Amino acid sequence: MYERTYTQRRSLAQRRANVRHASACRPLLDTDKLKHVGHFPSLLVACATFFLIIAGALVTSHDAGLATSDWPLSNGQFFPRMVGNLFWEHGHRMIATTVGLLTIVLTIYLLRKEKRRWVRRLAVFALFAVIAQGLLGGLTVKLMLPLAVSAAHATLAQLFFCTVVNLAVVTSPSWERRVATIDEQGIVPARYLCLAAVATVFLQLIIGATLRHSVTWDKFLPPDLLLAHIAGAVAVTLMLAITALTILRRHPNQIFLTRPAAIALALLGIQLLLGLAAYVTRQASPNDPQPLNPMVAITVAHVACGALIFATTIILTLRSFKCLRSTGEFEFAGGFRVKS
Ligand code: HEM
Ligand code: HEM
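Mapping the sequence shown onto this note's numbering, position 257 (from 1) lands on 257, and the numbers just tick up by one.
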């Protein structure tokens, strides 16, 4: 007769305990999933918007904004032949239409399923932002790319991206699980440093958009705007580096905070190099016969990396407000925070 050894009996008992534990956890996991229904769709819209920003930047860098002066149709057609610069311009419109439709679906979905009112409001804001962005896109074509409208279109693109990244963050499973339990250290709270970094990056995006749309590739960049953008780069570098290093130094074991801080630092380094390369290729481009691929690739990468820096800084800010608290604050079990 087969006799089980002590070790075999122990491992069997352990496996049974594991099965019992797993079935006890299952309903909890299911409710967890149900709670975060909005995360995947928000993430999908955020990724699609990032792709759309790249597609838009390709329109600008190829100087394809007026491939057709028609809107909402392109050369009187719903789907024209995608030849020459129309490939970039009409391609951008098609991707924008897809993002618009996805945002409508996301908003309806969150309005039906999301419990938190402020998240539902944020979704409605995203919907209005994407509609306004589409209208600005049409307007910039109809008015033949005036600086104010084109720069506003580029800036609202970043704001819309920021809103959907926000939605993806606050609907994520890791967001709900966290409560503010980590005490702020130092004189200046890290949360306020994060806020200041977001504001500085956003201002730099506006200056960048104004610089980029002030002249086409066949003219030299205006020195005053270029200087303003370089001054902005210094401000962003200082603000973001101070913020990220503060987080890394004060909370080295909080990966929830240190990961976005480290990513923001890495992206900042890449962005500074791309900015320098964008400057060099743009200074050379007025002598070129047409927008050449190195200039197009570098300027588009600079716009895209700007969007990624903005998104990462926003994630860092949201997370810092989620899990850091001022010293002297304590938490009730119900989740309300009061000053002691
Ligand atoms: C969700 C909607 C949209 C988003 C997020 C978006 C985003 C962008 C971005 C990021 C750029 C590049 C800006 C830059 O490189 O500085 C751009 C350029 C452009 N977009 Fe859109 N866009 C949207 C909808 C539209 C629509 C519906 C049109 C309709 C015509 C349009 C027309 C243009 C044009 C013509 C440019 C080039 C502007 C220029 O070179 O001055 N966009 N878009
Ligand atoms: C961290 C710092 C920086 C950020 C966040 C940033 C961001 C941006 C963005 C977002 C744009 C395009 C805006 C748009 O059209 O939507 C832009 C344009 C530009 N940036 Fe920066 N930038 C930074 C640093 C620099 C530096 C150090 C330089 C080097 C001189 C530079 C040179 C340029 C140039 C030349 C353009 C215009 C490109 C073109 O005409 O196509 N940037 N920047």
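We put the CB at the ideal spot given by N, CA and C, even for glycine.
The structure presented is a predicted model; accordingly, all values stated were derived computationally and were not measured.
- Residue burial is scored here from C-beta neighbours: M295 has at least 16 other C-beta atoms within 10 angstroms and is therefore classed as buried.
- The three-state secondary structure of D224, taken from DSSP, is helix.
- Taking C-beta separations shorter than 6 Å and ignoring five residues to either side along the sequence, the partners of E114 in its chain run G38, R120, following chain order.
- Contact check for L240 against A278 fails: the beta carbons are separated by 8 Å or more.
- Bridge partners of S74 according to DSSP: Q77.
- Shortest Cα-Cα distance from F321 to any of V59, S150, V179 involves V179.
- As for any alpha helix (DSSP H) of minimum length 4 sitting wholly inside the stretch 132-181, the runs are 147-170, 173-177, ordered along the chain.
- An exposed status is given to S69, since fewer than 16 other beta-carbon atoms sit within 10 Å of its beta-carbon.
- When the alpha-carbon of Q185 is set against those of V164, R212, I247, the nearest one is in I247.
- With a cutoff of 7 Å, W71 counts as near ligand 1, since its C-beta is closer than that to a heavy atom of the ligand.
- Between L195 and A264, the C-beta spacing is not below 8 Å.
- The secondary-structure analysis by DSSP pairs R325 across a beta bridge with D183.
- Secondary structure at G275: helix, using DSSP grouped into helix, strand and coil.
- Taken atom to atom, the span from the alpha-carbon of V236 to that of V99 is near 30 Å.
- Excluding sequence positions up to five before and after V59, its CB lies within less than 7 Å of the CB of G65, W88, E89, H92, all in the same chain and listed in chain order.
- A residue is called buried once 16 or more other Cβ atoms fall within 10 Å of its Cβ, and G84, having fewer, is exposed.
- Beyond the five residues adjoining it in sequence on each side, L268 comes within less than 6 Å, by CB distance, of L240 in the same chain, given in chain order.
- Taking 8 Å as the cut-off, the beta carbon of L324 is found closer than this to the beta carbon of I182.
- In this structure T312 is in contact with P260, their Cβ atoms being roughly 5 Å apart against a cut-off of 8 Å.
- Residue environment: Q290 is assigned as exposed (fewer than 16 neighbouring CB atoms within 10 Å of its CB, all protein chains considered).
- Judged by the Cβ position, R282 fails to qualify as a neighbour of ligand 1 at the 7 Å threshold, every heavy atom of the ligand being at least this far.
- Contact between the stretch 151-165 and the stretch 220-231 is absent, with fewer than three C-beta pairs closer than 8 Å.
- With a cut-off of 7 Å, the C-beta of V59 is classified as distant from ligand 2, since no heavy atom of the ligand falls inside that distance.
- Leaving aside the five residues that flank Q133 on each side, the residues in its chain whose CB is nearer than 8 Å to its CB run, in chain order, A96, H153, L156, A157, F160.
- Nearest in C-alpha terms to M94, of all of L73, T171, I108, is L73.
- When the five nearest sequence neighbours on each side are left out, the beta carbons in the same chain lying within less than 8 Å of the beta carbon of H213 are those of T60, L145, L147, S150, A151, A154, in order along the chain.
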